[in-house]
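Residue numbers (the working numbering): 1 to 305. The C-beta atom is built at its ideal place from N, Cα and C for all residues, glycine as well. Here is the structure we will look at.
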Amino acid sequence: MMQNDLVSLLEQFPILLYSSTALIGLVVGSFLNVLILRLPRIMEQQWREECSELLATASTAPAATPPAETKERDKPLLGLARPGSHCWACGAAIKPWDNIPVLSWLLLRGRCRACTRPIPLRYPLVELLTALVSVAVVWQLGPTFAALAALILTWGLIALAVIDLDTQLLPDSLTLPLLWLGLLLSLGGTFTEPTAAIPGAAAGYLLLWLVFHAFRIATGKQGMGHGDFKLLALFGAWLGWQALAQIILLSSLAGAIVGIGLIASGRQQAGQPIPYGPFLAIAGWISLLWGNAITQSYLQWAGLA
Ligand SMILES: [Zn+2]
């Protein structure tokens, strides 16, 4: 079996495993940058189209279409693959050799080759982060099927967290497929069993839904978005209902620390909303890799095990 040969080779030479994972992480991170930038715009484009279709059906005058609308419709639609990568400032196409993750940014000293305006530091940072967390996944899980599944979730979570920071949105087109994937994986018992995954997904959604409405009734404000419910449902599906308490605890703790830090440093005013998605994503990811270890050490600390 070739597959077994590959696994035993990677087990024998962990450096091979980590370096190839880091390389794959850099390339995936480069793709995540595109996804993070374009997915919210593609969604907005779709909303506009749906709205204009709805308005067109609702209107009784069929003939008079304003020219501005035609123009908007004739504009080429933005996709994930097209148009190709280009400079945000001058629109110059980026050559493949200027598009190598991290390396190109360093060689170009963070500036566009055509117009010399700065390329955001965030691009190489997302690439580096993706490489680092990918290595953490295989370091923890080894060259296994579980690691492969965990990598897919990890990459999805990076995209979700950054998109949430940018736009306060957690796109269904990312959360829902990952949720289904978690349920399917439970059939093979990869991280948990279906008897824990199915109630986990439902309870994850329901828990934050309840918090959302309790908060709304108590304060008249909306404390989080519906995407947050789906994100916790996703973790319930992947890790089972048993993991939910830990994820909520970890994410609230991280959120409180960062929130207090931001308010204390004057970068954030009290009462101003902070997206919850990134904290949920980090907490869920920690639970994915170290959840059992955290529970064990907590039980030992409490004298229960
Ligand atoms: Zn440029």
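Q) Within 10 angstroms of its Cβ, does residue 15 collect 16 or more other Cβ (buried), or is it exposed? A) exposed
Q: Would you kindly report the start and end of the unbroken alpha helix (DSSP H) that includes residue 43?
A: 14-58
Q: Use the C-beta contact count for residue 292: other C-beta atoms within 10 angstroms, 16 or more gives buried, fewer gives exposed.
A: exposed
Q. Less than 7 Å between the CB of residue 109 and some heavy atom of ligand 1, yes or no?
A. no
Q: Drop a sphere of 10 angstroms on the beta-carbon of residue 105, count the other beta-carbons inside from all chains shown, and report buried for 16 or more, exposed for fewer.
A: buried
Q. Nearest to residue 237 by CA position, among 49, 150, 132, 56, is which residue?
A. 150
Q.
Assuming residue 232 and residue 136 are in contact, meaning their beta carbons sit under 8 Å apart, how far apart are those beta carbons, in whole angstroms?
A. Not quite, the Cβ-Cβ distance comes to about 22 Å (not below 8 Å), so this is no contact.
Q. Distance, Cα to Cα, residue 266 vs residue 260?
A. 10 Å
**Q.** residue 127 to residue 165 span [Cα, whole Å]
**A.** 17 Å
Q. Can you tell me the Cα-Cα spacing of residue 302 and residue 296, whole angstroms?
A. 10 Å
Q. What does residue 111 pair with, by DSSP beta-bridge criteria?
A. 118
Q) Just how far apart, CA to CA, sit residue 252 and residue 279? A) 8 Å
Q. Is the stretch 118-133 in contact with the stretch 149-163, if contact means three or more CB pairs nearer than 8 Å?
A. yes
Q.
Within 10 Å of its beta-carbon, does residue 176 have 16 or more other beta-carbons around it, so buried, or fewer, so exposed?
A. exposed
Q. Which of the three DSSP states, helix, strand or coil, is assigned to residue 93?
A. strand
Q: Kindly examine ligand 1 and report whether one of its heavy atoms sits closer than 7 Å to the Cβ of residue 81.
A: no
Q. According to the Cβ coordinates, are residue 147 and residue 138 closer than 8 Å?
A. yes
Q | Alpha carbon of residue 287 to alpha carbon of residue 55, nearest angstrom | A | 46 Å
Q. Among 30, 190, 21, 115, which has the Cα closest to the Cα of residue 122?
A. 30
Q: Could you check the C-alpha separation between residue 118 and residue 281 for me, to the nearest Å?
A: 29 Å
Q: Measure the CB-CB distance between residue 154 and residue 285 and report whether it falls below 8 Å.
A: yes
Q: Could you say if the stretch 106-115 and the stretch 21-41 meet the contact criterion of at least three C-beta pairs nearer than 8 Å?
A: no
(Q) For residue 210 and residue 198, what's the separation of their Cα atoms in angstroms? (A) 18 Å
**Q.** Limits of the alpha helix (DSSP H) - the one that residue 154 falls within
**A.** 145-167
Q.
Can you tell me whether residue 276 is buried or exposed? The criterion is at least 16 other CB atoms within 10 Å of its CB, across all chains shown.
A. buried
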